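**Student:** Numbering (my numbering) for the sequence shown: 324 to 597.
Positions of the beta carbon are idealized from the N, C-alpha and C atoms, including for glycine.
Bear in mind the structure is a predicted one, so any value in this text is a computation, not a measurement.
Attaching a single structure in structure tokens format; questions to follow.
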Amino acid sequence: MKMLYIDCSMGAAGDMLTGALLELLDEEARTEFIEEFNSLGLPGIVMETEPSIKCGVEGTRVHIRVNGAEEDEHMHDGHHHHHAHYTHDEAHSHTHEGDTHAHTHRGIAGVEHIVRSHLEVSENVREDILKVYGIIADAESKAHGVSVTEVHFHEVGTMDAIADVTAVCMLMDRIKPQKTIASHVNVGGGTVKCAHGILPVPAPATANILEGIPSYSGDIKSELCTPTGAALLKYFVDEFGDMPPMRAERCGHGMGAKDFVRANCVKITLGEVD
324 MKMLYIDCSM
334 GAAGDMLTGA
344 LLELLDEEAR
354 TEFIEEFNSL
364 GLPGIVMETE
374 PSIKCGVEGT
384 RVHIRVNGAE
394 EDEHMHDGHH
404 HHHAHYTHDE
414 AHSHTHEGDT
424 HAHTHRGIAG
434 VEHIVRSHLE
444 VSENVREDIL
454 KVYGIIADAE
464 SKAHGVSVTE
474 VHFHEVGTMD
484 AIADVTAVCM
494 LMDRIKPQKT
504 IASHVNVGGG
514 TVKCAHGILP
524 VPAPATANIL
534 EGIPSYSGDI
544 KSELCTPTGA
554 ALLKYFVDEF
564 GDMPPMRAER
574 CGHGMGAKDF
584 VRANCVKITL
594 GEVD
């Protein structure tokens, strides 16, 4: 049986899962995937990858640029985290301090419209994307006590999260594991800065998504698991625990933005189990 094992001992974020899954494809398939992804019709989105070495571990760092800007340039943590804002206007522009471009806010209806109308993906992948995004929206709405229809995501955060979710859903569809197991999830520690102030890690939305999933806090004081990472794990992982005996065929490392005393990566092993 074809199986994936995801090591979340340094948490999980959408870009890190993407990088690790990309490494499970051969060189040619990887190039082809990135070209396909970049021609999907996601407004203003470009995926680029670069080799990255952290603490002696070699892997792939994925950059998703939205209209030429990268999320990490104006977000708090380098791990992607899209902060929800709540307004009753369907869309309006506003600028952040130090930000040169305006963002519009989009509700879940806008996200569904992009996914249903603009994405050149198979029906299966489309359903996966919408379900994962639904997990994120539900968690954000619960965290902030507003209905799902009132959750408005940052334009950059929204597009960035859709891009990460789309990439992972497409890669999982391409690899088609018969079973996916993940380790217990390291959420990190310390505090995280978001639109509502400074909150303890895991951020409320992440904590909501991880309900029922074994997670822990280690000695690294930073947000290691993001809402997007948590939602992708919740959706695709069949069980959480130790790696069973498996014959490994390939191993992928998806690198995060930040550097810690331990290699900041998600490691995914593809192999066969009896």
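#1: At 3 residues or longer, and completely inside the segment 485-528: list those beta strand (DSSP E) runs for me, N to C.
#2: Whole-angstrom Cβ separation of ALA526 and PRO550, contact assumed at under 8 Å?
#3: Can you tell me whether ASP483 is buried or exposed, with buried defined as 16 or more other CB within 10 angstroms of its CB?
#4: On the three-pair Cβ rule with 8 Å, is the segment 574-581 touching the segment 346-353?
#5: Which residue wins for smallest C-alpha separation from LEU453, given the options LYS590, TYR558 and LYS325?
#6: Can you tell me whether PRO366 is helix, strand or coil according to DSSP?
#7: Report the residue from ASP496, GLY379, ALA518 and THR489 whose alpha carbon sits nearest the alpha carbon of ASN587.
#8: The beta strand (DSSP E) that contains VAL438, what's its start and end?
#9: What are the boundary residues of the alpha helix (DSSP H) that LYS544 is part of?
#10: Give the single residue among GLY382, ILE376 and THR372 whose Cα lies nearest to the Cα of GLU393.
#11: Quick check on DSSP: helix, strand or coil for THR549?
#12: Go ahead and pull the three-state DSSP assignment for ILE536.
#13: Would you kindly work out how many angstroms separate the C-alpha atoms of PRO374 and GLY382, rounded to a whole number?
#14: Counting pairs of beta carbons, one from the segment 587-597 and one from the segment 330-338, are three or more of them closer than 8 Å?
#15: Would you grab the beta carbon distance between LEU556 and ALA335 for me? Rounded to a whole angstrom, and I think it's under 8 Å.
#16: Since MET324 contacts VAL560 with CB under 8 Å, what's their CB separation in whole angstroms?
#17: Just to confirm, are VAL389 and ILE357 a CB contact at a threshold of 8 Å?
#18: What would DSSP say about ARG449, mapped onto helix, strand or coil?
#19: Sort SER545, ALA571 and GLY564 by Cα distance to GLY579 and report the nearest one.
#20: Spatial neighbours of ARG570 within its chain, please: C-beta separation below 7 Å, excluding the five flanking residues on both sides.
#21: Less than 7 Å separating the Cβ of GLU393 from some heavy atom of the ligand PLP?
#22: For ARG353, which three-state DSSP category applies?
#23: So, with DSSP's three-state summary, where would you put ASP338?
#24: Hey, would you say LEU442 sits closer than 8 Å to LEU365, going by beta carbons?
#25: Whose C-alpha, out of ASP487, LYS377 and SER538, is nearest the C-alpha of ILE387?
#26: Would you please verify whether the beta carbon of LYS581 is less than 8 Å from any beta carbon of chain C?
#27: Mind checking who ALA580 pairs with in its DSSP beta bridge?
#28: Quick one: Cα of GLY512 to Cα of ALA505, how far?
**Tutor:** Result, derived from the coordinates:
#1: 502-505, 514-517 and 520-523
#2: 7 Å
#3: buried
#4: yes
#5: TYR558
#6: coil
#7: GLY379
#8: No beta strand (DSSP E) contains VAL438, which DSSP labels as neither H nor E.
#9: Looking at the DSSP string, LYS544 is not in any alpha helix (DSSP H), and its letter there is neither H nor E.
#10: THR372
#11: coil
#12: coil
#13: 6 Å
#14: yes
#15: 6 Å
#16: MET324 to VAL560, Cβ: 16 Å. No contact.
#17: no
#18: helix
#19: SER545
#20: GLY594 and GLU595
#21: The ligand PLP is absent from the structure shown, which contains no ligand whatsoever.
#22: helix
#23: helix
#24: yes
#25: ASP487
#26: In the structure shown, chain C does not exist; there is a single protein chain.
#27: ALA580 pairs with nothing; no bridge assigned.
#28: 20 Å
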